[in-house]
Amino acid sequence: MNFDWNNPYPTTRTPVFARNVVTTSQPLAAQAGLRILAQGGNAVDAAIAAAATLTLTEPVSNGLGSDCFAVIWDGAKLHGLNASGPAPAAWNVDYFRRKHQGALPLRGWDSVTVPGCVAGWAALHEKLGSLSFADVLAPAVEYAERGFAVSPAVHEKWVAQADLLQPQPGFADHFLPRGRAPHVGEHFVLAGAAATLKRIAATGGRDFYEGETAHKLVAHAQAHDAALTLADLRDYAPEWVKPISQTYRGYTLHQIPPNGQGIAALIALGILQNFDLAARPVDHPDTQHLLIEAMKLAFADVYAHVADERHMRMTPEHMLRPDYLSERARLIDPSTARDFASGHAPQGGTVYLSAADKSGMMVSFVQSNYMGFGSGVVVPGTGVSLQNRGHCFSVLPDHPNVVAGGKRPFHTIVPAFLMRDGAPVMSFGVMGGNMQPQGQVQTLVRMLDYGQQPQAACDAPRWKWNHGLAIDAEPTMPIALAQGLRTRGHRLEGVDDALVDFGSGQFIWRLGDPAVDGYVSASDSRRDGLAAGF
């Protein structure tokens, strides 16, 4: 790719060139991964170190009770890992009808599915890691013991959630130690996390699912009349999966198959393949209109059909068939926005990171508590804050995503990986609820159709489709583009807080031989992030 190395957008970041790279949304986590690479670890070791550190330094988006997904190029082959957890065995529609008048709670223990991230770290390490598990987790243990100074974007999201989550079990004790969210630069220590991480390191992660930590989780759940049991934890295992893919402009984008929403990006690109986007500038209203309509069509199918793949009635293969996507593309009016009757978009709180080393190993990794801190539940003595993925189920009996014990819910987190002619090109992702596939499509089009370099593609103003004709637009969107979209029927709703609403991307693009040419990496200025390398 012959990138244009200029950047026409306001930014505080420049691309980073190196043979070993870690890029995350929080600087301490990126440097934790870099430290592991410098010690002789590989990109998988670095990714795990960064992920574990993020549970401490960016607790507003993930924690030890998160789920995770990963796509890894091991130097010869692409691997996919689904480490999202299923519903407790006792969950079904009647359970929620009896306890919550048929609704799925947004917070609290009855929004918590089995946490998968610790098992995901262990599975990644066992299959592809090189250093000991204890060495890989050492940076996170140090931050858990000594604490850290809170960074600006993390502080902002902490303040935004504090009042809402204060009533949840354990939240105030752990995350509001002075009766409020920590200030920027204020020292914070997550109580109990160091001991938990040490037990995880010593047992290859099994303590979380059958040891002391597991017993503490279940005791706390039972004390709050929740369904989680030791059997739910003990029987859990992540799943190695074959990524699904879509070709676009000579490249191939790979995603984890459902229960995740990565297929939305594949559908949208398959639809856009039918249009000559490069006929107009990237920031022209006609161009962005086509991207928006393609994403709306993609979400219409995703919200109707995507669930735990074992329960889907419309297969991913059918949803990605070229003839089907050509039919969908014909529904787009090039001059008028349409409502494709899709469901309402879920919100999100997620961390994405990428790591690559000089041997050629590349890791695309995402980890999430879902809505910010997640359920708001923090288990005393453990430092474990738990996700609220259970809220992503449906209670409609005929929906493929209807809640059931042992079933994975619909998931928003989607690590992505780009290849060309069977060779790795880029590990990347854009975190943030339903913004993830939307951010991936917007940045990929900028790179592949228009030659914008990764940092420029990352910095460019974004839109986010919500539902119907409603589009959130970043304040930095050019006035002419915004007016042009309104003229085409889009209902633009300005949002001041880009930190929350427009996602955060991390990108590592391979420049050639990793040992010689290395990589170029980018980190989104919408977070505290850092691309670090040597």
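With the sequence shown counted from 1, adding 2 to any position gets you the working numbering. Think of the CB as a built atom: it goes at the ideal place given N, C-alpha and C, for glycine as much as any other residue.
Measuring only the C-alpha atoms, how far is residue i from residue j?
| i | j | result |
| --- | --- | --- |
| Ser113 | Asn390 | 5 angstroms |
| Asp310 | Pro240 | 14 angstroms |
| Gly505 | Leu166 | 21 angstroms |
| Val284 | Pro88 | 41 angstroms |
| Gly424 | Gln369 | 27 angstroms |
| Gln224 | Thr231 | 8 angstroms |
| Gln442 | Val432 | 6 angstroms |
| His320 | Ala302 | 15 angstroms |
| His176 | Val397 | 32 angstroms |
| Ala339 | Glu295 | 7 angstroms |
| Arg448 | Glu188 | 38 angstroms |
| Pro382 | Gly172 | 6 angstroms |
| Leu139 | Gln457 | 30 angstroms |
| Ala347 | Ala459 | Any answer about Ala347 is weak, because its pLDDT of 43 lies below 50 and its placement is not dependable; what the coordinates show is given next. Going by the C-alpha atoms only, they are around 24 angstroms apart. |
| Ala32 | Ser377 | 26 angstroms |
| Leu471 | Phe342 | 9 angstroms |
| Ala228 | Arg15 | 45 angstroms |
| Asp234 | Val116 | 7 angstroms |
| Gly262 | Val308 | 8 angstroms |
| Lys218 | Pro169 | 20 angstroms |
| Pro324 | Gly264 | 17 angstroms |
| Gly110 | Gln103 | 15 angstroms |
| Ser247 | Leu327 | 14 angstroms |
| Phe375 | Ala174 | 12 angstroms |
| Arg148 | Ser134 | 22 angstroms |
Run the CB neighbour count on residue i, radius 10 Å, all protein chains shown included, and call it buried at 16 or more, exposed below.
| i | result |
| --- | --- |
| Val380 | buried |
| Trp465 | buried |
| Met316 | exposed |
| Ala267 | buried |
| Lys79 | exposed |
| Ile415 | buried |
| Asn4 | exposed |
| Ile481 | exposed |
| Ala54 | buried |
| Tyr65 | Reading the sequence as shown, one finds Gly at residue 65 and not Tyr. Answer is buried; the Cβ neighbour count reaches 16. |
| Gly345 | Here Gly345 scores only 38 on pLDDT, less than 50, and its place in the model should not be relied on; the value that follows carries that caveat. Exposed. |
| Asn403 | buried |
| Asp6 | exposed |
| Asp530 | buried |
| Ala500 | Caution is warranted here: a pLDDT of 45 is assigned to Ala500, below 50, making its placement in the model unreliable, and the coordinate value is therefore given only provisionally. Buried: at least 16 other Cβ atoms inside 10 Å. |
| Arg410 | buried |
| Gly392 | buried |
| Arg312 | exposed |
| Gly181 | exposed |
Considering only the alpha carbon of each residue, which of the options lies closest to residue i?
| i | options | result |
| --- | --- | --- |
| Pro29 | Gly514, Val522, Gln508 and Ala462 | Gln508 |
| Thr59 | Pro245, His127, Ser86 and Phe190 | Phe190 |
| Trp242 | Ala85, Ala216 and Asn9 | Ala85 |
| Gln438 | Thr352, Pro336, His127 and Asn276 | Thr352 |
| Arg512 | Ala472, Gln170 and Pro17 | Pro17 |
| Ala193 | Arg182, Ala146 and Ala418 | Ala146 |
| Leu274 | Gln263, His291 and Pro260 | His291 |
| Asp1 | Phe419, His185 and Ala475 | Given that the chain is displayed from residue 3 to residue 536, the structure contains no residue 1 and the question cannot be resolved. |
| Tyr452 | Asp278, Glu188 and Ala306 | Asp278 |
| Ala196 | Arg330, Ala142 and Glu495 | Ala142 |
| Ala534 | Pro61, Arg21, Asp400 and Trp7 | Arg21 |
| Met373 | Lys159, Tyr326, Met297 and Thr25 | Lys159 |
| Ala164 | Gly408, Pro336, Tyr326 and Pro61 | Pro61 |
| Asp599 | Asn468, Gly77, Thr249 and Ala281 | Given that the chain is displayed from residue 3 to residue 536, the structure contains no residue 599 and the question cannot be resolved. |
| Ser356 | Tyr250, Ala34, Glu214 and Phe395 | Ala34 |
| Asn8 | Ala517, Gln455 and Pro463 | Gln455 |
| Leu487 | Arg422, Asp288 and Tyr305 | Asp288 |
| Arg236 | Ala300, Thr215, Ala406 and Lys244 | Thr215 |
| Arg251 | Tyr354, His226, Pro463 and Ala280 | Ala280 |
| Thr445 | Arg180, Pro154, Phe395 and Ala270 | Ala270 |
| His185 | His157, Pro179 and Arg201 | His157 |
| Leu333 | Lys360, Ala300, Ala358 and His313 | Ala300 |
| Trp467 | Leu293, Phe536, Cys394 and Leu483 | Leu293 |
| Ile510 | Tyr11, Thr25 and Ala203 | Thr25 |
| His413 | His256, Gly435, Ala406 and Asp400 | Gly435 |
| Leu126 | Ala105, Gly82, Lys298 and Glu212 | Gly82 |
Secondary structure, beta strand (DSSP E): runs of 3+ residues fully inside the region 440-476: 465-469 and 472-475
In chain order, each alpha helix (DSSP H) run of at least 4 residues that lies wholly inside the region 233-293: 264-274
Segment contact, 8 angstroms Cβ cut-off, at least three pairs: the region 358-376 with the region 412-432: yes
Touching by the beta-carbon criterion (3+ pairs, under 8 angstroms), the region 194-207 and the region 108-123: yes
Inter-stretch contact at 8 angstroms, needing at least 3 Cβ pairs: the region 53-73 / the region 89-100: no
Secondary structure, beta strand (DSSP E): runs of 3+ residues fully inside the region 22-98: 23-26, 69-75 and 80-85
Inter-stretch contact (C-beta, 8 angstroms, three-pair minimum) for the region 467-481 and the region 28-44: no
Uninterrupted alpha helix (DSSP H) stretches inside the region 367-448 (no shorter than 4 residues): none
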